[in-house]
Amino acid sequence: WDNFCPYYLEIIKPVDSKKIDKTTMESTNIIFSAILKFAHLFIPFVTEEIWARMKYNSSGLLATSKWDCNPIYDKYIIDQSEQLKCIISKIRKFRTDYKISHKESLKLIIRSNQRTFKIDIIKKMCNLSLVEYTDELVENSYSFIEYSSEFFITGYINRQNENLLDNIIDRIEYFKGFISKIEEKLKNDSFINKAPESIIKREKQKLEDSKSQLLLLQEKMRTITNE
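The letter at position 174 of the sequence shown is residue 174 when you use the UniProt record's numbering, and the numbering goes up by one with no holes.
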């Protein structure tokens, strides 16, 4: 529900008072009906009433409706959704922390080896006038690091470098400790011999991602201290 209301509905909401397209509406009805089925276990009278008002009851009551016992999940889409939520939350937090109105347009520049971020959605959800990729550091900007990528917010310059540097130092120390723990785990013969291959693979991926994050943070710290 938390994903459906503040994120999904905002994403599909048409701009300029346009009508929502038929395909999106049909997909939304499928999603909402599934949510009602899950919620029916906890608030049956409420969900049954909504089910009827939404005219989902052409095939009967919600209480007797069929469940999809073998749902298909696309992990890539789920991961992409989590990325979007994280990035959007970071940008919105920046606006809150620096008291910048949502009506004021900002620009977002992404420095990353991966070019798979849903920039159209980020642009819409965060009221950005521009979202683009770069291979260079962006000066006079606020930045944050997620998913081995650096995101620069421009159009509003208030670096507060001292606080920013303290935050970067804290994150560097965190990643150093985290990397050390994973390396120790992967050196442990007992863990390697007993753990499923999928778990070992996941730990190696976490190690690789954390090292990438650490390098980006160290580079960011050098940039700030040289300004």
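Each residue gets a CB set at the ideal place from its N, CA and C atoms; glycine is no exception.
What are the partner residues of residue i, as DSSP defines its beta bridges?
{"i": "Ala-138", "result": "Going by the sequence as given, residue 138 is Val instead of Ala. Its beta-bridge partners do not exist; DSSP assigns none."}
{"i": "Tyr-174", "result": "Tyr-174 pairs with nothing; no bridge assigned."}
{"i": "Lys-107", "result": "Leu-130 and Thr-154"}
{"i": "Glu-146", "result": "Ser-149"}
Below 8 Å on the Cβ atoms is my guess for residue i versus residue j; work out the distance and round it to an integer in Å.
{"i": "Ser-149", "j": "Ile-100", "result": "Between Ile-100 and Ser-149 the Cβ distance is about 22 Å, and since that is not below 8 Å, they are no contact."}
{"i": "Leu-128", "j": "Ile-121", "result": "11 Å between Cβ atoms; not a contact."}
{"i": "Ile-179", "j": "Ser-210", "result": "5 Å"}
{"i": "Tyr-124", "j": "Gln-80", "result": "Reading the sequence as shown, one finds Lys at residue 124 and not Tyr. Contact doesn't hold; Cβ gap of about 15 Å is too wide."}
{"i": "Glu-208", "j": "Lys-185", "result": "Actually they are not in contact, since the Cβ atoms of Glu-208 and Lys-185 sit about 14 Å apart, beyond 8 Å."}
{"i": "Thr-28", "j": "Ile-12", "result": "7 Å"}
{"i": "Lys-93", "j": "Thr-154", "result": "Contact flag wrong, Cβ pair sits at about 17 Å."}
{"i": "Asn-220", "j": "Ile-182", "result": "Looking at the sequence shown, residue 220 is not Asn but Lys. That pair is no contact at about 22 Å."}
{"i": "residue 228", "j": "Lys-176", "result": "Given a span of 1 to 227 for the chain in the structure shown, any question on residue 228 remains unanswerable."}
{"i": "Leu-217", "j": "Ile-168", "result": "6 Å"}
{"i": "Lys-89", "j": "Tyr-56", "result": "Note that residue 89 is Ser in the sequence shown here, rather than Lys. In fact, because the Cβ distance is near 32 Å, the residues do not count as touching under 8 Å."}
{"i": "Ile-31", "j": "Phe-4", "result": "7 Å"}
List the endpoints of the continuous alpha helix (DSSP H) containing residue i.
{"i": "Asn-188", "result": "Segment: none, Asn-188 is in no alpha helix (DSSP H) and carries neither H nor E."}
{"i": "Lys-99", "result": "Where Lys-99 is concerned, there is no enclosing alpha helix (DSSP H), given that its DSSP letter is neither H nor E."}
{"i": "Lys-123", "result": "119–125"}
>> In chain order, what are the residue ranges of uninterrupted beta strand (DSSP E) at least 3 long that sit wholly in the segment 2–79?
In response: DSSP runs (the beta strand (DSSP E)) wholly in the segment 2–79: none.
> Between the segment 184–198 and the segment 136–152, do three or more beta carbon pairs fall short of 8 Å?
Replying inline: Using a C-beta cut-off of 8 Å, the segment 184–198 makes no contact with the segment 136–152, since fewer than three inter-stretch Cβ pairs fall below that distance.
> Looking at C-beta atoms only, is the number of pairs between the segment 39–50 and the segment 59–73 that lie closer than 8 Å three or more?
Replying inline: yes
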